[in-house]
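> Would you mind keeping the following structure in view while I ask a few things?
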Amino acid sequence: MISVEGVSKRYGTITAVDRASFTVSRGEVVGFLGPNGAGKTTTMRMLTGTLQPDEGMIRFDGTPISEDLTAAKARVGYLPEANPLYDDMLVCEFLEYVARLRGMDPAAARTAIGRAVEETGLEEVFFRPIGEISKGFRQRAGMAGAILHEPEILVLDEPTEGLDPNQRVEIRKLMSSLGSERTVILSTHVMQEVEATCDRLLIISRGAITADGTVGELMDAARGVSRYTVEAAGEGVAEALRGLRGVSDHAVDSVDGRVRVRLEAATDHELRPEIFRLATERDWVLWELRRERATLEQVFRELTMAGGDGLADGETGDQGAGAEGTEAGGEEGGTGDQGTGAEGAAAGGEEGAK
2 MISVEGVSKR YGTITAVDRA SFTVSRGEVV GFLGPNGAGK TTTMRMLTGT
52 LQPDEGMIRF DGTPISEDLT AAKARVGYLP EANPLYDDML VCEFLEYVAR
102 LRGMDPAAAR TAIGRAVEET GLEEVFFRPI GEISKGFRQR AGMAGAILHE
152 PEILVLDEPT EGLDPNQRVE IRKLMSSLGS ERTVILSTHV MQEVEATCDR
202 LLIISRGAIT ADGTVGELMD AARGVSRYTV EAAGEGVAEA LRGLRGVSDH
252 AVDSVDGRVR VRLEAATDHE LRPEIFRLAT ERDWVLWELR RERATLEQVF
302 RELTMAGGDG LADGETGDQG AGAEGTEAGG EEGGTGDQGT GAEGAAAGGE
352 EGAK
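Counting from 1 along the sequence shown, just add 1 to a position and that's the residue number in the numbering used here.
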């Protein structure tokens, strides 16, 4: 459904996105991960059509979005990291405002608002001022605005940023629900969020896509060394395990008269069958045999460490720093979708962010 082909974006001498290529299939929920300044927000703005690439092409269903930006933007719902809400509006007034920006007539707006409110669980705060509702409900209101026009594609930039743990869980459930009928691209720093909601991950570092796959695939690819813990009682346990083919490192200690051995070996060399064979042949009592699984956070660090913190994206610019915040004046008035309220996120067909 979405095809990003060799896309690059520069701000002056700084390259924010460097020849990025990936695809997203219809109905997928894809997590977009990267350090601050890696290129996430710039890429997401290009996907929504509010920012144009300097090189490369983005296609929806094979058609370049540049051929008809208005039509392409109508297919996308976007929730930027700085949720474009107005504190003095009631929730109902905000959604009516977004509907007007989308060009909906009153009857269509009422239907769309009712559906979006039900889908995002806003009923209890519908008539309350946005400035008086919790951060969790504010995010729900932003999501309701993003789905008001029933987009096929939903782009969410750090949707759980600043939420407490309970609110994060609720928003994750909402994202999973919204993703059941839409293609979702989700930018986040929260690894549990990715594991709970995403079918696939894209990792970006210094503007380049460094990894693309499921959580399991990325863990297997990134983990060059597997670690094992073996706890056993019997003759020659430590010596036998230390001598296994493929073992690159080991550590030994004793636990209640038993021997605990920690082994390291190349990921593509599985030790557990050999350890079971030794235990059987030598009549060991095997108390524990465990292959440790890398965490997603460890994989993320491994895949992005070489890139450092990055310098080129609007995630830093969101707060007034970084290349996008200081040099994007020629592109989006210097503030883009972060500083102009709902117009920037909702009125894509009219370039409302400019």
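Glycine included, C-beta positions come from ideal geometry on N, C-alpha and C.
Since the structure is predicted, the reported quantities are computational estimates derived from the model, not experimental observations.
#1: Considering only DSSP beta bridges, list what M58 is partnered with.
#2: Please return the same chain residues whose Cβ sits closer than 8 angstroms to the Cβ of G63, not counting the five positions on each side in sequence.
#3: Helix, strand or coil: how does DSSP classify Y87 here?
#4: Report the residue from V300, N84 and V156 whose alpha carbon sits nearest the alpha carbon of A212.
#5: Just verifying my parser: in three-state terms, what is the DSSP assignment at A39?
#6: When you compare the CB positions of V92 and A142, do they come within less than 8 angstroms of one another, or not?
#7: Does DSSP put T112 in a helix, a strand or coil?
#8: Could you spell out where the alpha helix (DSSP H) holding E232 opens and where it closes?
#9: Check S181 in the structure and name its three-state DSSP category.
#10: Just verifying my parser: in three-state terms, what is the DSSP assignment at E351?
#11: If you follow the alpha helix (DSSP H) that F138 is in, where does it begin and where does it stop?
#12: With H, G and I counted as helix, E and B as strand and the rest as coil, what does DSSP make of P130?
#13: CA-CA distance, G1 and E29?
#14: What is the DSSP secondary structure of P152, reduced to helix, strand or coil?
#15: According to DSSP, is A329 part of a helix, a strand, or is it coil?
#16: Kindly confirm or deny that the segment 190-203 and the segment 30-37 touch, where touching means at least three C-beta pairs closer than 8 angstroms.
#17: Using 10 angstroms around the beta-carbon of G7, count the other beta-carbons present and answer buried if the total reaches 16, otherwise exposed.
#18: Can you tell me where the beta strand (DSSP E) with L102 in it begins and where it stops?
#19: Quick check: A239 and V260, are their CB atoms within less than 8 angstroms of each other?
#20: Among the residues of its own chain, which have a CB less than 8 angstroms from the CB of E293, if the five just before and after it don't count?
#21: Less than 8 angstroms between the C-beta atoms of W285 and A234, yes or no?
#22: Just to confirm the assignment: which complete beta strand (DSSP E) runs, minimum length 3, are found wholly within the segment 187-216?
#23: Whether or not the segment 182-198 and the segment 148-166 are in contact is what I'm after, with contact meaning three or more pairs of Cβ atoms, one per stretch, closer than 8 angstroms; do they touch?
#24: For a test of the three-state rule: what should DSSP assign to L52, helix, strand or coil?
#25: Would DSSP call G309 helix, strand or coil?
#26: Return the CA-CA distance between A117 and Y87, expressed in angstroms with no decimal places.
Taking the structure as given:
#1: E6
#2: S4
#3: coil
#4: V300
#5: coil
#6: yes
#7: helix
#8: Not the alpha helix (DSSP H): E232 falls in the beta strand (DSSP E), residues V226 to A234.
#9: coil
#10: The predicted position of E351 is uncertain, since its pLDDT is 45 and thus under 50; no value can be drawn from it.
#11: K136 to I148
#12: strand
#13: This structure leaves residue 1 out entirely; the chain is present only between 2 and 355.
#14: coil
#15: Since pLDDT at A329 reaches only 39, below the 50 mark, its modelled position is unreliable, and no value is offered.
#16: yes
#17: exposed
#18: Not the beta strand (DSSP E): L102 falls in the alpha helix (DSSP H), residues V92 to L102.
#19: yes
#20: S227, R228, Y229 and T230
#21: yes
#22: 201-206 and 209-214
#23: yes
#24: coil
#25: Residue placement at G309 cannot be trusted, given a pLDDT of 40 that sits under 50; what the coordinates show is reported in the next sentence. Correct three-state label for G309: coil.
#26: 18 angstroms
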